[in-house]
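Position one of the sequence shown corresponds to residue 3 (the working numbering), numbered consecutively onward.
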Amino acid sequence: MAPEATKQSVVGERYVENKLKHDVRVSNMTAAKKLADAIRTSLGPRGMDKMMVSGNNDVTISNDGATILKTMNVTHPAAKMLVELSASQDIVAGDGTTSVAVLCGALLDKCIGLLGRGVHPTVISDSMATACDKACEILEGMAIPV
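Below you can see the structure in the form of structure tokens.
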């Protein structure tokens, strides 16, 4: 008998996957969202500092998102992407590392809700790409040439 992860059932002439793909998507998004939630409280003028203690008892205190995320020992692949996103933001702009992670977490939270309502992942992805294009267009229109 096939393992549970590869089981499929026949409906008419096409195959319908079991719930595995949905569960994996939600699990990945939830892991990244939880990481974003962990650093959310360090955002803004009233942001709290985080104290991280390494395995050899080195203490790091910071409210910088990139520093916090680099110090954490993240093992989940989807959560690691959030760490890399924050590091990229630090390299490109030098700031906004916490904001980009929190924004990503908020978008993922909405995606989880849409998936739960039965919206297809491709529709969500295409809609986000369209929204991104429109937001860039609006921001470029608001920009003042230097």
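Note that the Cβ used here is the ideal one computed from N, Cα and C, for glycine as well.
How should residue i be labelled, buried or exposed, when 16 other C-beta atoms within 10 angstroms of its C-beta is the threshold for buried?
{"i": "D135", "result": "exposed"}
{"i": "G67", "result": "buried"}
{"i": "K52", "result": "buried"}
{"i": "T77", "result": "exposed"}
{"i": "I146", "result": "exposed"}
{"i": "A131", "result": "exposed"}
{"i": "L84", "result": "buried"}
{"i": "C138", "result": "exposed"}
{"i": "A81", "result": "buried"}
Is residue i helix, strand or coil when you go by DSSP?
{"i": "P47", "result": "coil"}
{"i": "K9", "result": "Model confidence at K9 stands at a pLDDT of 44, short of 50, so the residue's coordinates are unreliable; what they give is reported in the following sentence. If DSSP states are grouped into helix, strand and coil, K9 belongs with coil."}
{"i": "V102", "result": "helix"}
{"i": "M31", "result": "helix"}
{"i": "V148", "result": "coil"}
{"i": "D97", "result": "coil"}
{"i": "R119", "result": "coil"}
{"i": "N20", "result": "In this prediction, N20 has a pLDDT of 48, which is less than 50 and means its spatial position is unreliable; nothing more can be read from the coordinates."}
Considering residue i, what are the terminal residues of the alpha helix (DSSP H) in which it resides?
{"i": "M130", "result": "123-144"}
{"i": "M74", "result": "Premise fails: M74 is in no alpha helix (DSSP H) and is neither H nor E."}
Starting from residue i, trace the beta strand (DSSP E) in both directions and tell me its first and last residue.
{"i": "S64", "result": "61-64"}
{"i": "V55", "result": "52-55"}
Taking the alpha carbon of residue i as the reference point, which residue from the options has its own alpha carbon closest?
{"i": "A38", "options": "L109, G115, V94", "result": "L109"}
{"i": "P79", "options": "G143, V26, A95, A137", "result": "V26"}
{"i": "N30", "options": "A95, T69, D111, N65", "result": "D111"}
{"i": "R42", "options": "L22, H24, I70", "result": "I70"}
{"i": "V40", "options": "M74, V28, V61", "result": "Residue 40 is actually Ala in this sequence, not Val. When only C-alpha atoms are compared, the closest one is M74."}
Using a Cβ-Cβ distance under 8 Å, would residue i count as near chain C?
{"i": "E139", "result": "The structure shown has no chain C; it contains just one protein chain."}
inquiry  = Taking contact to mean 3 or more Cβ pairs, one atom from each stretch, closer than 8 Å, check whether the stretch 86-95 and the stretch 121-129 are in contact.
reply    = no
request  = Examine the Cβ distances between the stretch 45-55 and the stretch 20-34 and report whether three or more of them are shorter than 8 Å.
outcome  = no
task = Could you tell me whether the stretch 97-109 touches the stretch 51-63, where touching means 3 or more Cβ pairs closer than 8 Å?
result = no
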